[in-house]
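Please read the structure below before turning to the comments.
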Amino acid sequence: ITEPSMCIGMRGLAGFDVHIRSSSTDLHSGVFGGAVLNPSHLAAEIVALLHDSDGRVAIPGFYDSVLELSPDEKLAMQALPFNESEFRRAAGGSPLMGEAGRSTLERTGSRPTADVVGLTSGYSGVGVKTIVPSTANIKITFRLVPNQDPDQIAELFHSWLRPLMPEGVEVEVWEEGRVSPALTPINHPAVKAASRSIEKVWGKAPYLVREGGSGPEEALGRILEAPVVFLGVGLPDDNIHAPNERIVLEQFWRGLLAVGELWFQMAATPDIRKVAQ
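Following our numbering, the numbering of the sequence shown begins with 8 at its first residue and continues without gaps.
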């Protein structure tokens, strides 16, 4: 509540649902096990190949267009009061890992990622059902950073996945949405105006950060030909996307005041609509 921050960018998204079928029906593992392809095993192999030993996405060309942090953004990141122990606590105690040579802050906002968000196959009920399953499903989402094109990432993913499918296996890849990444430069007049409005209300200039999530910001800025700024007032423990998600009323009222102040700050900034480059 006492440490305001302001988002200047969001990651993009490319999501896929991979459906694998190896036979017309589930098979008896005592009769067919070890002699026919098991789609569960194939799905596990695909997941294992998605990253290399350094935690980098192993799809050729995936990082070719990635925009690195600017010097000013690096300084802003170093100034953040980030506590890895608190971050891990918020993650339910999960071990920290990811792309080698990158900090946790970089991994969660300014670096692209690939995550398996769903993996299903075979029987998962009580007891044992001795089958070779006929199908497996993998849900994968890629979080993208500035200069990465969701359409190009989709092409790279399809090109990587296709050779991994053995002959005779049916595979369907369903699109789960594409969103372009968004970034308003840290020194843009719109960012400075929004920062001043937050400082006026909170009594302290906000930390400037990139968020790891995705939204329509890039499309808004492109269609309206105007910069996009964020005045979110959520807190880390607001249970985002979870049951009992909340907003603290004090934050809500402060947010209203900051939005009102932003109008005055915009009026005092002649080049506020300068298109972000």
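All residues carry an ideal CB built from backbone N, CA and C; glycine is no exception.
Rounded straight-line distance, which links the Cα of residue j to that of residue i
i	j	result
residue 48	residue 29	11 Å
residue 165	residue 124	18 Å
residue 148	residue 208	37 Å
residue 137	residue 131	11 Å
residue 249	residue 39	42 Å
residue 172	residue 272	56 Å
residue 54	residue 204	46 Å
Close Cβ partners of residue i (< 6 Å) along its chain, the five nearest in sequence each way excluded
i	result
residue 145	25, 50 and 126
residue 186	19, 20 and 221
Nearest-angstrom beta carbon gap, residue j and residue i [assumed within contact, 8 Å]
i	j	result
residue 268	residue 116	The pair is not a contact, with the Cβ atoms about 26 Å apart (cut-off 8 Å).
residue 274	residue 234	Residue 274 to residue 234, Cβ: 15 Å. No contact.
residue 57	residue 121	6 Å
residue 15	residue 190	7 Å
Simplified DSSP assignment, three categories, for residue i
i	result
residue 202	helix
residue 61	coil
residue 122	strand
residue 136	coil
residue 247	coil
residue 224	helix
residue 229	helix
Endpoints, the alpha helix (DSSP H) within which residue i is located
i	result
residue 115	111-116
residue 256	256-274
residue 285	With the chain represented from 8 up to 284, any question about residue 285 goes unanswered, as that position is not in the structure.
Host beta strand (DSSP E) of residue i (start-end)
i	result
residue 48	Counting along the chain, residue 48 falls outside any beta strand (DSSP E), though it belongs to the alpha helix (DSSP H) covering 46-56.
residue 176	Note, residue 176: premise wrong, no beta strand (DSSP E); not H, not E.
residue 162	From DSSP, residue 162 is part of no beta strand (DSSP E) but of the alpha helix (DSSP H) over 157-168.
residue 218	214-218
residue 146	142-151
Cutoff 8 Å; reference residue i; Cβ partners in own chain excluding five residues on either side
i	result
residue 45	29, 139 and 140
Heavy atom of the ligand NAD within 8 Å of residue i beta-carbon
i	result
residue 131	You won't find the ligand NAD in this model; it holds no ligand whatsoever.
Cutoff 9 Å: residue i Cβ touching any chain C Cβ
i	result
residue 92	Absent from the structure is chain C; it holds one protein chain and no more.
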